[in-house]
Structure formats: structure tokens, C-alpha cells
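Just below is one structure, and these are the notes that go with it.
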């Protein structure tokens, strides 16, 4: 490689020298250039790169000049990522039991067009309008007495269509109400009574924490009393939390992330990747279980439930993979498996939600 003094004496404009340094090219290897008096031009650098960085007449490939972009960069962890570092390190002290299965969304998928065509007006963005029937255009239902007003929807909490996530959250909350152990949290102890037998606190509500990836890091907002919210209410809450998380700096506050959190955490990894299964990590304070929800996909089902012996044919079904990790100090493996089957009973028979109020 030519010395730096040789490079300094090569004829070239400052802009060409800067371009050569950016590309990792020793400009001395290009002299004389194609410009006046042997000046090295930008096109000489580009031609050198195009022919594979071989010095003319030598057949030897030139050694690239070290660029600032090629050097290691030390980056300090931000507050949010450092919090994740500490939480994940502490998670190593929790013995976890894993469980994975798939849920059938086919029947709910068939209901989505009807649900999306009848989203209450107060959940829709102001730019959207519901298609009113011909009757409602001719007759005003509020002519005698004004219709009840709905609570105002905060910024970013409106939506134009339902997805599978609010339905999965609603059915998960209903299943949690049947299983007190999944509404439990470990009662924190102090150093003074560290030897005392631990206790569990059973909550009267289904509190669900969401793992939310944002531009500033991973946050865990909580939807309290999820069993009291409709699918529309849950969709609005999820949209609002995502809206706050997208802000820089993050708009999530202790109001959305209470210290006690939820008893079950949900990670919607299907919104990002196409993976089928995961190994979610349960951190201290993250409840007694966590579930990672994959991406829904159409599969050819040949199980006994759908197999037609006459035609020897299965059925095309929409399924979503779910992967669980539970705190094995609290939840038995059989309990987690049975709880997931309770959840399946709600998911795969969505008509049951109607009786509970959608």
C-alpha cells in the first residue's frame, strides 16, 4: 500500500480525496489520473472500484484504506434497554415450564367481515364515516330524544378494522376468569421476612400485560380488567398503547404501566415475523405466565375432527401458534395445559363470546 506521504502528493481535488477515503481507496494507487496533468478524477476512483480494486499493470489487488465505518463502535445501553438487561438477567432465577400448541381461528375469521362492517362510530377515525342505511337517512332515531353520548376516544385509539389480537385478548381474559391461579401474582416479601413462606395474591380481574416494541425500547403496558372490555374496547386500548409507544420520547406513563402489572403477559410476535414457535421469557414482576402469539396461517388440516373418510380429504383451516412459559414455582404443567385448553374452548367457539357481550 502506498504511504500517506505519497497519497498526499497525488493530484486530486479535496472532494475526490474525500470520496476515495469513503470508498477505502488509496488515491496514490490511481496516479496518474485521467485528468489534466495526471489529476485523479472521481471517475478514476469509480472505475478502480468497478474493476475489483486491481492496480493497473500490477495484477495485484490494492489494500483498502481503513475507514471510520470499519472501526468498532462502543455504544452505551440506554435506560430502557438496560432495564431489559437487568430484568432478563433476573429471569434466570425463575424455573419455567414451556407449552406450545396451535389455535383454530377459522370460525372467527368468518365473522370478521360482519364485525368490521359494524364498528361503532365513536371508535372510527373522524375521517371515516359509517355507511348509513336508507332507513336511517329517512328517519332520525334521535328525533324524540338524543341518543346517549359515548366517552371520548383518546388520540391514536381509533381504528378501522378489527384484527385477531383483540379477539385473542378477550377470550384469554374470559379463560383467566375461570382459572384463579392465572390471575395470581407472587406477594413480594421484604428482607426482614425473607425466610417466611411466600404467598399468592389472587386478583378479581384479568390483568394482561402487553410486550410492546417501540423505537426507544421494549415496554410492558398493562390492560387492567380486560374481561370487562369489549373486543372494540380492547382494539381501541391496544391502538392507544401502540400510539403512545411510537412517540419519541415514549409517551407511555406509569398510568399505562402500573408497578403491579398483569398476571399474564402477551407478546404478539406474529405482527413482526413469520416464526411458528418461540420461547418467551418470564421476568420477575411479569406475572405467572407469558404467551407468544405467532402469525396466523392457512394450513391443510387432516386431524380426526375434520377428516372426511368418504372423500379421504382434510380441510383448509386458519391456525395460529401460541407458545407459553409459566412460573413452575406457582403453576403446574398440567394446570397450564388445561388452562390453554380452556382458552381454546373460547377461541374455537367464538359464538360463546356473544353470550358474554362482545
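Numbering (the UniProt record's numbering), first residue to last: 1 to 358. We put the beta carbon where it would ideally sit given N, CA and C, even for glycine.
Alpha carbon to alpha carbon, how far is residue j from residue i? Give it in angstroms, no decimals.
i, j, result
"residue 232", "residue 123", "8 Å"
"residue 88", "residue 284", "9 Å"
"residue 340", "residue 276", "17 Å"
"residue 279", "residue 327", "13 Å"
"residue 198", "residue 205", "22 Å"
"residue 2", "residue 24", "Residue placement at residue 2 is flagged as unreliable, the pLDDT there being 44, under the threshold of 50; a coordinate-derived value is accordingly withheld."
"residue 132", "residue 222", "A caution first: residue 132 carries a pLDDT of 49, below 50, which makes its placement in the model unreliable, though a value can still be read off. Roughly 36 Å separates the two Cα atoms."
"residue 151", "residue 236", "12 Å"
"residue 348", "residue 321", "13 Å"
"residue 12", "residue 39", "5 Å"
"residue 5", "residue 37", "A caution first: residue 5 carries a pLDDT of 48, below 50, which makes its placement in the model too unreliable to give a value."
"residue 16", "residue 85", "45 Å"
"residue 127", "residue 256", "27 Å"
"residue 265", "residue 289", "6 Å"
"residue 332", "residue 183", "14 Å"
"residue 305", "residue 258", "43 Å"
"residue 96", "residue 234", "29 Å"
"residue 45", "residue 215", "38 Å"
"residue 230", "residue 251", "24 Å"
"residue 49", "residue 20", "10 Å"
"residue 118", "residue 160", "10 Å"
"residue 100", "residue 267", "14 Å"
"residue 301", "residue 307", "8 Å"
"residue 178", "residue 73", "52 Å"
For residue i versus residue j, is the C-beta distance shorter than 8 Å?
i, j, result
"residue 416", "residue 168", "Beyond the ends of the chain as shown, which are 1 and 358, falls residue 416; an answer cannot be given."
"residue 238", "residue 165", "yes"
"residue 28", "residue 10", "yes"
"residue 324", "residue 291", "yes"
"residue 270", "residue 295", "yes"
"residue 186", "residue 330", "yes"
"residue 243", "residue 156", "yes"
"residue 282", "residue 91", "yes"
"residue 125", "residue 158", "yes"
"residue 103", "residue 162", "no"
What are the partner residues of residue i, as DSSP defines its beta bridges?
i, result
"residue 208", "223, 264"
"residue 102", "321"
"residue 73", "Its beta-bridge partners do not exist; DSSP assigns none."
"residue 293", "322"
"residue 307", "According to DSSP, which records beta bridges pairwise, residue 307 is partnered with nothing at all."
"residue 185", "201"
"residue 213", "218"
"residue 331", "None; residue 331 has no bridge partner."
"residue 97", "326"
"residue 155", "Partner(s): none; residue 155 has no beta bridge."
Closest to residue i by C-alpha separation, out of the options, would be which residue?
i, options, result
"residue 22", "36, 31, 42", "42"
"residue 174", "343, 332, 337, 349", "343"
"residue 316", "298, 103, 15", "298"
"residue 81", "217, 257, 302, 115", "217"
"residue 176", "203, 19, 161", "203"
"residue 263", "254, 272, 226", "226"
"residue 240", "153, 181, 196, 249", "153"
"residue 224", "249, 196, 195, 254", "254"
"residue 334", "109, 181, 138, 26", "181"
Would you mind giving the Cβ-Cβ distance between residue i and residue j, rounded to the nearest angstrom? I have them listed as a contact below 8 Å.
i, j, result
"residue 220", "residue 212", "7 Å"
"residue 318", "residue 106", "5 Å"
"residue 287", "residue 314", "Rounded, the Cβ-Cβ distance is 37 Å, inconsistent with contact."
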